Amino acid sequence: MDDVDVTGLNLKADIDRDSWMITLPADRFGISRDEEDIISSAYMGASMTCYKKYAPDQIWVDLPPLSGLNAMNPPVFSEFGVWRVGMAQQFGFDAPATARIPIAGRSDVRTPISREVVAKVYKDRGAIPTDVFEKAVASCEDDLDIQKFKNPYELVIAPWWDEINQARAKLFDDDAARQIYNDVASCFESEGLKMAEEGFGGVENFDFRRKKNNPYPAKEEIDIALKVAQCQEKFDATPKLAEILAEKQADIIKKYPNEFVSGRQKIDALVADAKQYIQEHPDVYVKTD
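And the structure:
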């Protein structure tokens, strides 16, 4: 491919406070959550298709892509903790993108596939004799379609991605980022809280793990999360940190523009192949209607 003109790349942070979403430069070159779901579904579909050849008397089906089972909510940025009051009010410290309750007032929330359908898929698969299952898996080890969709994250394992990860790991070595950290930490202290040592935005000595099958935050959790979000909003902390990180990512992408763009093209091609595979093999995905 020809050398990439970096002036044509979007290397800024896109910040939408109302939807709680921030897109960083590197996000545009990596694998998104929905893309991962589609590729994973193609992998499972390819597996089911191959297994059927060796054990056609068994039920080999999987869940369809983008079923909302793992993520009913649209993407939400929570890299630096709870940064909007609305997030705190509804979710406490839970990450909205993976929470088991829908974001209120959003039209882009997915209706999850019914638990009855999910239960039947896993019940049918669990009924397959172990020796039959193991033989099918072993027989399909070298199947080309399975191999194609098996490890998509190999596309984002490279020295330039290591530099992206290092930029995030060392973010608070930056003077401006450290000042934001100190400002928010001081605000925490004024509210009777202490910033967690293991990460910006967390609260020391507060365990918000919930009882099994309870996706809703307790009042105590919401009250503390609100204080955190108010401190974040006071200093516009998460957007400012995102902009600092975006600048660091932009510098790295400018060093390796051909590699990042080429990687993105490979991801696009893999996603397109995955969508086509899913469309051409409807028999290995459970019907939801």
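Counting along the sequence shown from 1, when you hit position 57 you're at 887 in the working numbering, and nothing is skipped either side.
Quick reminder that beta carbons are idealized off the backbone N, C-alpha and C, glycines included.
The structure displayed is predicted, hence computed values, not measured ones.
For the putative contact between residue 1199 and residue 927, defined by C-beta atoms under 8 Å, what is the C-beta separation to the nearest angstrom?
Here the chain has residues from 831 to 1119 only, and residue 1199 is not among them.
For residue 851, which beta-bridge partners are listed by DSSP?
846
Considering only C-alpha positions, which residue in the set 1081, 1111, 1051 and 1090 is nearest to residue 912?
Of 1081, 1111, 1051 and 1090, the residue nearest in Cα terms is 1051.
Quick check on residue 1033: does DSSP put it in helix, strand or coil?
If DSSP states are grouped into helix, strand and coil, residue 1033 belongs with the strands.
Can you tell me which of the three DSSP states residue 1025 falls into?
strand
Under the rule that 16 or more other beta-carbon atoms within 10 Å means buried, what is residue 974, buried or exposed?
exposed
I'd like the list of long-range same chain contacts for residue 1091, defined as Cβ closer than 6 Å, with 5 residues on each side in sequence excluded.
So the qualifying residues of the chain are 834.
Under the three-state reduction of DSSP, which class applies to residue 1086: helix, strand or coil?
In the three-state reduction of the DSSP assignment, residue 1086 falls in the coil class, being assigned neither a helical nor a strand state.
My understanding is that residue 894 touches residue 1107, with C-beta atoms under 8 Å, so please give their C-beta distance in whole angstroms.
Actually they are not in contact, since the Cβ atoms of residue 894 and residue 1107 sit about 13 Å apart, beyond 8 Å.
What does a CB cutoff of less than 6 Å around residue 1000 pick up in its chain, not counting 5 residues either side in sequence?
none
Could you pull out every residue in the same chain whose Cβ sits closer than 8 Å to the Cβ of residue 997, ignoring the five residues on either side in sequence?
Within the same chain, residue 997 has close Cβ partners 1075, 1078, 1079 and 1082.
Where does residue 887 fall in DSSP's three states?
coil
Does the separation of the CB atoms of residue 1014 and residue 970 fall below 8 Å?
Not closer than 8 Å, so no.
Starting from residue 927, follow the alpha helix (DSSP H) in both directions and report where the run begins and ends.
Segment: none, residue 927 is in no alpha helix (DSSP H) and carries neither H nor E.
With 16 as the cutoff for other CB atoms within 10 Å, does residue 1047 come out buried or exposed?
buried
For residue 892, does the three-state DSSP call read helix, strand or coil?
DSSP places residue 892 in strand when its eight states are reduced to three.
Mapping the DSSP letters down to three states, classify residue 1115 as helix, strand or coil.
strand
So, with DSSP's three-state summary, where would you put residue 970?
coil
Starting from residue 913, trace the alpha helix (DSSP H) in both directions and tell me its first and last residue.
Premise fails: residue 913 is in no alpha helix (DSSP H) and is neither H nor E.
Nearest CA to the CA of residue 1110: which residue from 859, 856 and 871?
871
Kindly indicate the opening and closing residues of the alpha helix (DSSP H) around residue 1010.
1005-1020
Have a look at 1105, 1104, 1103 and 1085 and flag the residue whose alpha-carbon is nearest the alpha-carbon of residue 841.
1085
Between which two residues does the alpha helix (DSSP H) harbouring residue 1053 extend?
1049-1065
Pull up the distance between the alpha-carbon of residue 779 and that of residue 867, whole angstroms please.
In this structure the chain extends from 831 to 1119, so residue 779 is not present and cannot be described.
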